[in-house]
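Comments concern the structure below.
Protein chains in written order, with our numbering: chain A, 21 to 316; chain B, 105 to 367.
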């Protein structure tokens, strides 16, 4: 099954060792961005080159891999990466959150609670939370080193001044272990509370920016806010149209050009699991029933 | 009583400051003491070493020889060279202010005026939006900027407004010492006059010590208590402002004073 031309999990062993060293350092300093010698991967930047390298470095033959793209197991990006590792590492793949040991994700955390034997690998486009406020990398690194994070609140202040509330809906800045401010990759802020005190290890890889950072298990992760404008996770105020879930993160799907839309779980595995367990939403196909014969 | 004692001790002392770039001596053997509430103008033509001196005084440039000491808020006088980077940056955004000639250097041009003023407060841990905003509006009023413009970015402001915003942003943390580098450069005469008037009243009201670098003797006359005249990296004449400007001793100072057009 393994293509003989490749080393296990595509990268050569020296590269994997280099990435593992970066990962270990990242775990030792929660939230700190560790530079690493990111490699070219057989996919374009922005498609998860950082996440793929982290996954390749931590994957073992016994691992079970799940890949999600915006919560979904069946989009092009997710399927391609899953196939990539099935081919180059020969590992088992799954779509079930519970069965996976390594989950690579693009911008969502699964709804099913993670457990201690799992690693969540995030694909990160821009690892620097201060980037759009302070363009100089030398300056942002210094600000991290000295824990000067006043600027992060300037961004939140701007949100409130402009929209009346903190309008940042994704890539919502968090403080890890009461020290480093971190960009949780563009996950919706709905997922931020799941990062706090999670039993699973969370690794973040940014391929183009050549940075790896981590949240070790059971680490305190706090979303930044103001006393009079506290952090609030956001979700559409509707149940899932397929499984009726009231507390999952929803995607909005436009169904025609007259303004109709439906809301469905973004996490497809969670939604399918609930449907299989007999939950129904307003638009799920009801079991076919014979019409009662009409009399007269 | 305690206040009088406070004012008796110098806030900032420069001791034999020199800076050379290879063969070129940009600044030679400058010494002075600045007391709380005192405004010192450093005048001279361009290339005379004024800006180099200001950068050394504000800890942005390490002197080749000599040292600068500053009396911190806790009353202990410390050599700036012995401060760690974190301490120096903290000093810079709390107890000091720095007004640049070009407001774009001192402001964040893309974020609103309110956030510009509030940044120093947030940097020291203010975490209540309402209070930050109230303080910001208060300061905008004090520097005569219309409150309705609080959510506009400074790039929509005129040159004079930008400079006043920069002053508000610096003064919000209640500094004791403000450095000003040609604060009126590039402004037209009527705007200059208004800005100077504002600075003068704020300085008196807040009992600020100011070191102002300028080539404009009118600015020095209007704002400062003392004047230092620089030429070729040296201080050639120093004294009370009216003394130096009305009765200049050095030929170069006489030239400077006589080159102002009579009103």
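Even glycine gets a Cβ: it sits at the ideal position worked out from N, Cα and C.
Measuring alpha carbon to alpha carbon, tell me which residue in the options is nearest residue i.
| i | options | result |
| --- | --- | --- |
| residue 227/A | 100/A, 131/A and 144/A | 144/A |
| residue 163/B | 344/B, 179/B, 252/B and 190/B | 190/B |
| residue 244/A | 231/A, 225/A, 220/A and 213/A | 213/A |
| residue 314/B | 170/B, 137/B, 235/B and 130/B | 137/B |
| residue 343/B | 284/B, 214/B and 325/B | 325/B |
| residue 132/A | 121/A, 126/A and 116/A | 116/A |
| residue 102/B | 230/B, 134/B and 264/B | Since the first residue shown for chain B is 105 and the last is 367, residue 102/B is missing from the structure and cannot be characterised. |
| residue 252/A | 201/A, 190/A, 278/A and 296/A | 190/A |
| residue 147/A | 113/A, 42/A and 55/A | 55/A |
| residue 200/A | 43/A, 188/A, 164/A and 42/A | 164/A |
| residue 230/B | 246/A, 92/A, 273/A and 103/A | 246/A |
| residue 137/A | 33/A, 237/A and 250/A | 237/A |
| residue 68/A | 152/A, 209/A, 104/A and 188/A | 104/A |
| residue 327/B | 311/B, 307/B, 155/B and 349/B | 307/B |
Excluding five sequence neighbours on each side, which residues of the same chain lie with their C-beta closer than 6 Å to the C-beta of residue i?
| i | result |
| --- | --- |
| residue 222/A | 140 and 235 |
| residue 243/B | 221, 272 and 276 |
| residue 246/B | none |
| residue 259/B | 213 |
| residue 91/A | 128, 286 and 287 |
| residue 116/B | 138 and 174 |
Is the beta carbon of residue i sitting closer than 8 Å to the one on residue j?
| i | j | result |
| --- | --- | --- |
| residue 285/A | residue 258/A | no |
| residue 122/B | residue 168/B | yes |
| residue 142/A | residue 224/A | yes |
| residue 279/B | residue 200/B | yes |
| residue 158/B | residue 172/B | no |
| residue 150/A | residue 218/A | no |
| residue 254/B | residue 269/B | no |
| residue 63/A | residue 73/A | no |
| residue 77/A | residue 87/A | no |
| residue 132/B | residue 338/B | yes |
| residue 274/B | residue 202/B | yes |
| residue 178/B | residue 216/B | no |
| residue 101/A | residue 211/A | no |
| residue 172/A | residue 204/A | no |
| residue 193/B | residue 113/B | no |
| residue 219/B | residue 177/A | yes |
| residue 160/A | residue 196/A | no |
| residue 268/A | residue 290/A | yes |
| residue 320/B | residue 205/B | no |
| residue 121/A | residue 83/A | yes |
| residue 241/A | residue 271/A | no |
| residue 75/A | residue 59/A | no |
| residue 241/B | residue 251/B | yes |
| residue 288/B | residue 323/B | yes |
Excluding sequence positions up to five away, which residues of its chain have a Cβ less than 7 Å from the Cβ of residue i?
| i | result |
| --- | --- |
| residue 197/B | 224, 227 and 277 |
| residue 301/A | 259, 260, 261, 262, 263 and 264 |
| residue 118/A | 132 |
| residue 211/B | 220, 258, 266, 269, 270 and 273 |
| residue 233/A | 46, 51, 52, 53, 54, 147, 202 and 224 |
| residue 311/B | 140 and 141 |
Counting only beta-carbon separations shorter than 8 Å, does residue i have a partner in chain B?
| i | result |
| --- | --- |
| residue 246/A | yes |
| residue 161/A | no |
| residue 173/A | yes |
| residue 41/A | no |
| residue 166/A | yes |
| residue 181/A | yes |
| residue 170/A | yes |
| residue 177/A | yes |
| residue 249/A | yes |
Output yes if chain A places a C-beta closer than 8 Å to the C-beta of residue i; else output no.
| i | result |
| --- | --- |
| residue 223/B | yes |
| residue 334/B | no |
| residue 215/B | yes |
| residue 236/B | yes |
| residue 231/B | yes |
| residue 255/B | yes |
| residue 387/B | With chain B running from 105 to 367 in the structure shown, residue 387/B is simply not present. |
| residue 252/B | no |
| residue 227/B | yes |
Between which residues of its own chain and residue i is the CB-CB distance below 8 Å, once the five residues before and five after are set aside?
| i | result |
| --- | --- |
| residue 275/A | 281 and 282 |
Say whether the segment 328 to 338 of chain B touches the segment 141 to 157 of chain B, bearing in mind that this needs 3 or more beta-carbon pairs closer than 8 Å, one atom from each stretch.
yes
Counting only Cβ-Cβ distances shorter than 9 Å, please list the residues of the segment 178 to 198 of chain B near chain D, keeping chain order.
Absent from the structure is chain D; the protein chains it does hold are A and B.
Within the chosen definition, does the segment 101 to 112 of chain A reach the segment 26 to 33 of chain A through at least 3 CB pairs nearer than 8 Å?
yes
Cβ pair count under 8 Å reaching 3, the segment 231 to 240 of chain B against the segment 287 to 305 of chain B:
no
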